[in-house]
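Taking it in order: structure first as structure tokens, then the write-up.
Number of protein chains: 2
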Amino acid sequence: MAGDVVTTPPTAEMASAYLTSLPERRRREFISSIIGRGTAADDLVGRRVRVGGWVKTGREQGKGAFAFLELNDGSCLANLQVIVDSSVYPLTQLLHTGTSVLVEGELKKPPEGVKQRVELRVDRVLEVGSADPSTYPLPKTRLTLEFLRDYVHLRPRTNTISAIARIRDELAYATHTFFRENGFRYVHTPIITTSDCEGAGEMFQVTTLFSDAEKLDKELQNNPPPSESEIEAAKLLVKEKGEDVAHLKSLKASKEEISASVLKLTKAKESLSKLEERFNLKPGIPQKDGKVDYSRDFFGRQAFLTVSGQLQVETHACALGNVYTFGPTFRAEHSHTSRHLAEFWMIEPEIAFGDLEDDMYYAEEYVKFLCRWLLDHCLEDMEFMVKNYDKSAIDRLKLVSSEPFKRISYTEAVELLCAVTDKKFENKVEWGVDLASEHERYLTEVIFKRPVIVYNYPKEIKAFYMRLNDDQKTVAAMDVLVPKVGELIGGSQREERYDALVERITDAGLPLEPYDWYLELRKFGTVKHSGFGLGFERMILFATGLDNIRDVIPFPRYPGRADL
Amino acid sequence: MAGDVVTTPPTAEMASAYLTSLPERRRREFISSIIGRGTAADDLVGRRVRVGGWVKTGREQGKGAFAFLELNDGSCLANLQVIVDSSVYPLTQLLHTGTSVLVEGELKKPPEGVKQRVELRVDRVLEVGSADPSTYPLPKTRLTLEFLRDYVHLRPRTNTISAIARIRDELAYATHTFFRENGFRYVHTPIITTSDCEGAGEMFQVTTLFSDAEKLDKELQNNPPPSESEIEAAKLLVKEKGEDVAHLKSLKASKEEISASVLKLTKAKESLSKLEERFNLKPGIPQKDGKVDYSRDFFGRQAFLTVSGQLQVETHACALGNVYTFGPTFRAEHSHTSRHLAEFWMIEPEIAFGDLEDDMYYAEEYVKFLCRWLLDHCLEDMEFMVKNYDKSAIDRLKLVSSEPFKRISYTEAVELLCAVTDKKFENKVEWGVDLASEHERYLTEVIFKRPVIVYNYPKEIKAFYMRLNDDQKTVAAMDVLVPKVGELIGGSQREERYDALVERITDAGLPLEPYDWYLELRKFGTVKHSGFGLGFERMILFATGLDNIRDVIPFPRYPGRADL
């Protein structure tokens, strides 16, 4: 039985024989390949299959003669209807929601009038994993997403969270496919960093100082440091041994006698230095000049979790050409909103020899590609979102994937927003002030009714690495705004001119030294380049219409919570 | 000129007109698409192209009439030969190694006897980024990999590091492709975790306690806490205001008078409580009962960087079916070897309803897939490795992708190694002791001359989550051993039986409570499952034949070093 574990046969010879003689691998079939779109029921009927999954609902019929199980294996939203006869297995052990089964049988055409195209008549039950209904935390009643956040280890068994997991997987693969097709190379930028991309931003610190201090504490308890009198005694011994040597020398003693005496002196000195070292051990976090001594930390300096891989990925754009990074990023902000996470994933492409125009081009193509991909690969899950969370989710994907994005300068955006009379904004619109989310959404949802790219922002509200335009007032930055979430992408052409960059760093009040390496990219064979960042979870919110970012990442981290 | 930045036209209307009227996008061509394998020289000759890249070598010819530049853009190992006439651009500005250029011209057939199939005659030089040869750290002389580690921001411009970057990118894409083709979903397991996969292992701590303490220090300096006498004065005020209220009440004063007096009392109390709060502020790391008070840390408890996503990805295997994670993992070990990094990437698939046999099947198929992928997609870079680092690198890929892996039990492996007479091992071979690297390499390189999977290890030397075999002595673990690096993959069938897992955790001396969620996966609808982990950098070492792991990750992190 393929479900069996491989046990150790008594001898080595038998072990090899056992493994090579195992019958041909028998695979379990994914339910998606049985009842997914594109499979014709007629091809399936009569086929023997083995499936495994979890019971969504189970009910006995025919006075206990057989049971109907709705079985889901996570490969798709739909369940497979499974029929088990009471002669095959004790039915009561199969019925509870959450029970796992591995079963074999034949696919049959259900009776007329039944919505399923095919059902499975089971003749072998290979494995069962029970789920006690009195303690199983996910009964079949509909549970709120908020409730499910307390069960991140079990919630992927629910329709919503499993649909999001599949959408997430598809968007990740679409991302790699898009960039590969466009000649971008994937680069792993560092997670632990000693650079700070924005020159600000709350960062998590990475350290071993606490565990080192704990170890030292334990060590000092088990083996207490010497007392001052022990040190004094050791010093006295060194003095005595020194005097012995001097004495022997003055007596012109034999070489052997003198070197024996010198050896004793050396040992006394070593012993003293060891005692002094231990005497100087201080419990707790190492300090120097009243501050934490980070030279004693793992990396010999303060280290943090990355807030963006952009600066580092630029090193590879300036060598390999088009590149992108796709990895976790971090913010230690005490935000309790539905739009912020302490740990989230970001995609950051960087286009060598590319200007702002190229940047906008790839940003638009990428977002369109993702939307088309979901329509092509995830329609069933998207229909579930439309039915349960956001009526317009599919229409939005269609709109974004087909309509050209509107492009307007920041200056134009401000003019348009200032002229708005049918809505009162909470935040003032004024040239030189960043657009608020309400403004961004008004531009894309009300004025243009499609995605909008706003470009050329005032330099004061944007980061130091963005390229200064010839007007000396704006930088070559751009934001992609989409309905439902507002800003989806932020990007810019990077300042590739050495002197201009030095000035921007200085103007931002930042020290130059940490950016030496970044400046060297401009000093040696500098090239125009541009790039952008897309928050992966924000893209999923946009696609699915869900409201809380904690529901679109498998293991959400936010102030006070880091389950598992 | 496409190289120009987009500047802000004076009015909003003009801005839109400007952008929509831009001529059709002109792309730079990758050098790989001009001189890569599979392009026929005849199709290229006569084509106009624009290319950008960095000068590897430049030399003037014909008494300064023209220059030959070897141009590389990172898209492939090979350089494009570029010819610039002195009438087109001042040649001396183009010649130095490291100079960047963006040029346009026509592809020509070179004279007979020249090795290049095609060369570029430049008629426009669009952009130049100089590189001063007196300060550029990467001259054309061959540099050691060790030297290059001090220039992680520039080293991807060298042949070796750019070849590795391309191999890395290809292996990452091959990984996603393999698992997708086999029905695995990609899951992002958490980077910040409150679980410890191995129940041991040195972990980095993630904290905001230092920055919080710094903020508090600054705040206390700017706004010193109240003195004891201030507190006393505030207490006295509360007392007085209380007496006032009592006095007015005893006088049966008017409601207005009394409530005015109560208001004053309330204010005095508030003021006191604020003072007391500030009085109790202690600078430094928050302490409780003589220990660090982690309830005041960002997540309300101690948090760490993950050492493995396995335990967490199991939650999704027990819901979605086959899944895998591919992300960064961390070890805070003070290892200064050529095989260890503090930050590295790992691929961890998990097979639902899969036993050890399935685990070995997917491990073998995956490694074979990666090897074939490199032969199909990276031959030029692999040939470079063969020429410069490891003569057998390509042969090794061919061997591994074609030969079935040998499978032997741990017991058999020990028997075979004990019988070895032609080699003296440094480490003793004995049943119950883990195999050392020298044993692993001997098995794969000498005895079997192909990859070997060793399975069923003594339970004492393996982790608690590995499934206990019926012999009660071994667990269903397996390691894949390959020539050159030894262990490439470690995996196991997971213990899916609740009681057996409780016993294994307890036997390992671990507390049960942190594993509550992990145990619940076994309590509710448990299924057999298995998985493995492949260290991504180790795979690259295996493929390329390089010796030091610090050279196969873009930004290596190890004790004392975390550049950028």
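Protein sequences, first through last, are from chains A and B.
Just so we're aligned: 542 in the numbering used here is position 542 of the first sequence, and the numbers increase by one with no gaps anywhere.
Just so we're aligned: 609 in the numbering used here is position 45 of the second sequence, and the numbers increase by one with no gaps anywhere.
Just so you know, even glycine gets a beta-carbon here, dropped at the ideal spot from N, CA and C.
Nothing here was measured: the structure is a model prediction, and the numbers come from that model.
Within 8 Å, strictly: CB atoms of residue i and residue j
i	j	result
B:Val1039	B:Tyr1021	yes
A:Arg407	A:Tyr455	yes
B:Ile1017	B:Val1046	no
B:Tyr700	B:Phe890	no
B:Ala727	B:Pro720	no
A:Gly52	B:Phe917	yes
B:Glu878	B:His740	no
A:Phe66	A:Asp85	yes
A:Ala562	B:Thr757	yes
B:Val652	B:Val689	yes
Interface residues of chain B facing residue i [CB-CB closer than 7 Å]
i	result
A:Gln312	Phe1119, Leu1128
A:Asp73	Gly885
A:Arg185	Ala729, Arg730, Asp733
A:His565	The structure shown does not extend to residue 565 of chain A, since chain A is modelled only from 1 to 564, so the question has no answer here.
A:Ala131	Phe1088, Gly1089
Close beta carbons around residue i, own chain, < 6 Å, minus the five adjacent residues each side
i	result
B:Leu981	Val993, His1003
B:Arg1005	Gly1050
A:Asp434	Ile461
B:Pro587	Because B:Pro587 carries a pLDDT of 42, less than 50, the predicted location of this residue cannot be relied on, and the following value inherits that uncertainty. The answer is none, since no qualifying residue turns up.
A:Ile161	Arg155
B:Glu967	Arg1014
B:Gly1131	Residue 1131 of chain B cannot be examined here, being either before or after the span of chain B that is shown, 565 to 1128.
Own chain, CB closer than 8 Å to residue i, minus 5 neighbours either side, in chain order
i	result
B:Gln657	Thr663, Val692, Ser694
A:Thr526	Cys318, Glu496, Arg497, Tyr498
A:Ala436	Phe425, Glu426, Asn427
A:Lys398	Cys371, Leu375
A:Glu214	none
B:Ala928	Per the sequence shown, the amino acid found at residue 928 of chain B is Glu instead of Ala. Answer for B:Glu928: Pro968, Phe969, Pro1015, Ile1017, Val1044, listed in chain order.
Close beta carbons around residue i, own chain, < 7 Å, minus the five adjacent residues each side
i	result
B:Arg1102	Val1049, Leu1052
A:Gly535	Phe344, Met346
A:Leu281	Leu216, Leu220, Pro225
B:Asn723	Leu641, Phe948
B:Asp945	Leu641, Ala727, Arg730, Ile731
A:Asn469	Asn456, Val475, Ala476
A:His377	Glu170
Closest by C-alpha distance to residue i, when choosing among the options
i	options	result
B:Tyr1131	A:Ala319, A:Glu106, A:Arg331	With chain B represented from 565 up to 1128, any question about residue 1131 of chain B goes unanswered, as that position is not in the structure.
A:Ser271	A:Lys282, A:Ala234, A:Pro286	A:Ala234
A:Gly491	A:Ile347, A:Lys140, A:Phe448, A:Leu521	A:Ile347
A:Leu263	A:Lys241, A:His247, A:Leu311	A:Lys241
A:Lys523	B:Val770, B:Ile595, B:Leu718	B:Leu718
B:Glu1077	B:Ser759, B:Ser859, B:Arg860, B:Pro697	B:Ser759
B:Leu869	B:Arg732, B:Arg895, B:Ser823	B:Arg895
A:Ser229	A:Asn223, A:Leu95, A:Leu237	A:Leu237
A:Leu501	A:Leu519, A:Gly509, A:Gln493	A:Leu519
Where residue i meets chain A, residues with beta-carbon distance less than 7 Å
i	result
B:Leu869	Val206
B:Pro674	Neighbours of B:Pro674 on chain A: none; closest Cβ ~24 Å, over 7 Å.
B:Arg721	Ala319
B:Val856	Phe210
Neighbour list for residue i in chain B, Cβ cutoff strictly below 9 Å
i	result
A:Tyr136	Lys1087, Phe1088, Gly1089
A:Phe299	Ala906, Arg1121, Tyr1122, Pro1123, Gly1124, Arg1125, Ala1126
Proximal residues of chain B, C-beta to C-beta of residue i below 8 Å
i	result
A:Pro328	His752, Ile755, Gly891, Pro892
A:Gly98	Phe1088, Gly1089
Within chain A, the residues that residue i reaches when beta carbons sit closer than 9 Å
i	result
B:Ser966	In chain order: nothing, as chain A lies at least about 18 Å away.
Chain-ordered chain A contacts of residue i [CB-CB under 8 Å]
i	result
B:Ile849	Ile285
Please specify which runs of the beta strand (DSSP E), each continuous and at least 3 residues long, are wholly inside the stretch 471 to 506 of chain A, giving them in chain order. As far as the stretch 471 to 506 of chain A is concerned, its whole beta strand (DSSP E) runs of at least 3 residues are 474 to 482, 486 to 493.
Which whole runs of the alpha helix (DSSP H) in the stretch 923 to 1008 of chain B are 4 residues long or more, in chain order? Runs found: 943 to 952, 957 to 966, 974 to 982, 1001 to 1005.
4-residue-minimum alpha helix (DSSP H) runs that sit fully inside the stretch 840 to 891 of chain B, ordered along the chain: Runs found: 874 to 884.
In chain order, which alpha helix (DSSP H) runs of at least 4 residues are fully inside the stretch 107 to 173 of chain A? With a minimum length of 4 residues, the continuous alpha helix (DSSP H) runs that stay inside the stretch 107 to 173 of chain A are 145 to 148.
Run through the stretch 590 to 678 of chain B for me and flag every whole beta strand (DSSP E) of 3 or more residues, listed as ranges in chain order. Contiguous beta strand (DSSP E) elements confined to the stretch 590 to 678 of chain B occur at 612 to 625, 630 to 636, 644 to 649, 664 to 672, taking only those with 3 or more residues.
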